[in-house]
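Chemist:
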Amino acid sequence: MDLMINKIIDAVKKGKYTLDEPEWDDVSEEAIDLVKKCLTYDPEKRASASEALEHPWFTKFAKGEKVKKSLASKALSNLKNFRAEQKLKQATLAYIVSQCLTKEETDKMEGIFASMDKNNDGMLSKEEIRDGYEENFGIPIDDEELDKIFSAIDTDGSGAIDYSEFLMATMNEQALMSKDKLKQAFKMFDKDGSGTISREEIRDALGNNLDMEVADKMISEVDGDGDGEISFEEFEKMMNMVVGAKPKGK
Numbered sequence: 001m002d003l004m005i006n007k008i009i010d011a012v013k014k015g016k017y018t019l020d021e022p023e024w025d026d027v028s029e030e031a032i033d034l035v036k037k038c039l040t041y042d043p044e045k046r047a048s049a050s051e052a053l054e055h056p057w058f059t060k061f062a063k064g065e066k067v068k069k070s071l072a073s074k075a076l077s078n079l080k081n082f083r084a085e086q087k088l089k090q091a092t093l094a095y096i097v098s099q100c101l102t103k104e105e106t107d108k109m110e111g112i113f114a115s116m117d118k119n120n121d122g123m124l125s126k127e128e129i130r131d132g133y134e135e136n137f138g139i140p141i142d143d144e145e146l147d148k149i150f151s152a153i154d155t156d157g158s159g160a161i162d163y164s165e166f167l168m169a170t171m172n173e174q175a176l177m178s179k180d181k182l183k184q185a186f187k188m189f190d191k192d193g194s195g196t197i198s199r200e201e202i203r204d205a206l207g208n209n210l211d212m213e214v215a216d217k218m219i220s221e222v223d224g225d226g227d228g229e230i231s232f233e234e235f236e237k238m239m240n241m242v243v244g245a246k247p248k249g250k
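Under my numbering, think of the first position of the sequence shown as 1, with each following residue one higher.
(1) Classify THR18 as buried or exposed, calling it buried when 16 or more other Cβ atoms lie within 10 Å of its own Cβ.
(2) Helix, strand or coil: how does DSSP classify SER231 here?
(3) Whose CA, out of SER28, GLU144, PHE235, MET171, lies closest to the CA of MET188?
(4) Fully enclosed by the segment 173–218, which alpha helix (DSSP H) runs are 4 residues long or longer?
(5) Can the beta-carbon of LEU34 be found closer than 9 Å to that of ALA52?
(6) What is the DSSP secondary structure of MET123, reduced to helix, strand or coil?
(7) Specify whether the segment 145–155 and the segment 119–133 touch according to this definition: at least 3 beta carbon pairs, one from each stretch, less than 8 Å apart.
(8) Residue ranges of each alpha helix (DSSP H) run of no fewer than 4 residues wholly in the segment 122–174, ordered along the chain?
(9) Use the C-beta contact count for MET238: other C-beta atoms within 10 angstroms, 16 or more gives buried, fewer gives exposed.
(10) Taking the alpha-carbon positions, what's the ARG199 to GLU233 distance?
(11) Please name the residue, chosen from MET218, LEU88, ASN172, that lies closest to SER77 on a Cα-to-Cα basis.
(12) Please give the ranges of any alpha helix (DSSP H) in the segment 17–92, keeping only runs that are unbroken, at least 4 residues long and fully inside the region.
(13) In the structure shown, what three-state DSSP assignment does GLY111 receive?
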């Protein structure tokens, strides 16, 4: 055993290795090439960390195949047109995105987000949004329009768009705004199961430090019949207006 260990150590010192073992049979050519570049004995010729990250294995496999241009264009168009100024709308969308979407529904959006997230920090900066827009549409987006996008989507004021915020703004409206998902979100607010949302329930969902006047204003903006509470029909109408759809009939 000691002899074998010594041989391995000696081979490491000399920069000798083999990739002929069966474990490597199903490894892609790109991955093997990356390993070889990282194990190059001469440090002057060995791939640096930054060079390794630019290797085709990372661009092709770690980030996934390049997303279809039409899908990316649709997502960016949704991003540009997204508006949800009301806190109640934002909270509802955040809940749907975090609790109601399946992996199958978000897979494609995850690929688009990853392709735009050039520095892999899990956030999209204004520069990354600008580059993504120009890459897919072939024309630059001006600073004013970029500011509008961030004003509407960067709900936590971080100065960047995280994945949840990206999903809120880019998801296909039929997937995001189905009646089943809206019912789940409505139940999140309607704690007592009465079929309506009161200002107390809004404060409970959004934080008890929310001013009563603010809660009242949020209700008045949605309360079509003026009864001081939000029914599911009023809630559904509000949410359909978020994505620019025509209000559905009751």
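The beta carbon of each residue, even a glycine, is placed where N, CA and C say it ideally should be.
Fair warning: this is a prediction, and the values are worked out from it, not measured in the lab.
Modeler: Let me lay it out:
(1) exposed
(2) strand
(3) PHE235
(4) 173–176, 179–189, 199–206
(5) yes
(6) strand
(7) yes
(8) 126–137, 143–153, 163–170
(9) buried
(10) 17 Å
(11) ASN172
(12) 29–38, 49–53, 69–81
(13) helix
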